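Report on the structure given below.
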Amino acid sequence: MEVFEKGEKIIQILLKAGFAIKKSKVKGPAREIQFLGVKWHDERHQIPTEVINKITAMSPPTSKKETQAFLGTIGFWRMHIPEYSQIVSPLYLVTRKKNDFHWGPEQQQAFAQIKQEIAHAVALGPVRTGPDVKNVLYSAAGNNGLSWSL
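Under the working numbering, the first residue of the sequence shown carries the number 627, and numbering increases by one thereafter.
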């Protein structure tokens with residue numbers, strides 16, 4: 627198989643250059659792999675199941691710091707969530723310096739909604755091009771944010 631031959635050539639080049647390679651770390655051709663915390667499956671990247679489970683199990687924040695930590699955790703995956711900025715805007719309100727921390731119904735609804743969106747996040751892949759492919763850019767703007775999708 628061509629893929630195995632190319633892989634062997636790459637390994638030989640790296641070994642000759644002085645790199646140490648652990649056989650246990652080498653993965654052969656696969657349809658699915660996790661790399662740098664991102665799950666890759668059929669040329670698409672998606673949120674790993676264990677990350678989804680961790681986020682959906684989180685309790686509502688009780689302070690500005692906890693809210694910032696939550697936003698940092700989900701922010702890494704924002705590309706997978708349509709209208710992310712609009713959904714989380716109530717959460718950012720409670721993190722502002724001039725605002726006292728107050729977790730109200732608006733924040734609770736945003737918290738629940740973003741966890742639901744993470745649980746059903748879309749896998750992202752390369753944009754297809756060609757004469758038979760029609761790509762459409764959708765955009766939306768509101769008082770709380772801007773979103774777009776291709």
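All C-beta atoms, glycine included, are put in the ideal place defined by N, C-alpha and C. In this text, all values refer to a predicted model and were calculated from it rather than measured experimentally.
Q. Hey, how far is the Cα of ASN769 from the Cα of GLY756?
A. Residue mapping note: residue 769 aligns to position 143 of the sequence shown, counting from 1. Residue mapping note: residue 756 aligns to position 130 of the sequence shown, counting from 1. Their backbone Cα atoms lie some 36 Å apart in a straight line.
Query raised in the report: For SER765 versus ALA736, is the C-beta spacing smaller than 9 Å?
Result: Within the sequence shown, residue 765 is the residue found at index 139, counting from 1. Within the sequence shown, residue 736 is the residue found at index 110, counting from 1. No, they are not a contact pair.
**Asked** Are ILE707 and ILE647 closer than 9 Å when you measure CB to CB?
**Response** Within the sequence shown, numbered from 1, the residue matching residue 707 stands at position 81. Within the sequence shown, numbered from 1, the residue matching residue 647 stands at position 21. The answer is no: Cβ separation not under 9 Å.
**Local conformation of ALA738 per DSSP, three classes** = Counted from its first residue, the sequence shown places residue 738 at position 112. Reduced to three states, the DSSP call for ALA738 is helix.
**Study point:** Selection from LYS635, GLN739, ASN761 that minimises the alpha carbon distance to PRO686
**Key:** Within the sequence shown, numbered from 1, the residue matching residue 686 stands at position 60. Considering only alpha carbons, the answer is GLN739.
Distance check for GLN712 and PHE727, CA to CA, integer angstroms please. Here residue 727 corresponds to residue number 101 of the sequence shown, with the count starting at 1. Here residue 712 corresponds to residue number 86 of the sequence shown, with the count starting at 1. Cα-Cα distance, rounded: 20 Å.
Problem - For LEU750, the residue or residues it bridges with in DSSP - result: Position 124 of the sequence shown holds residue 750. Answer is HIS671.
- Is LEU717 buried or exposed, if buried means 16 or more other CB atoms sit within 10 Å of its CB? Along the sequence shown, one-based indexing puts residue 717 at 91. LEU717 should be labelled buried.
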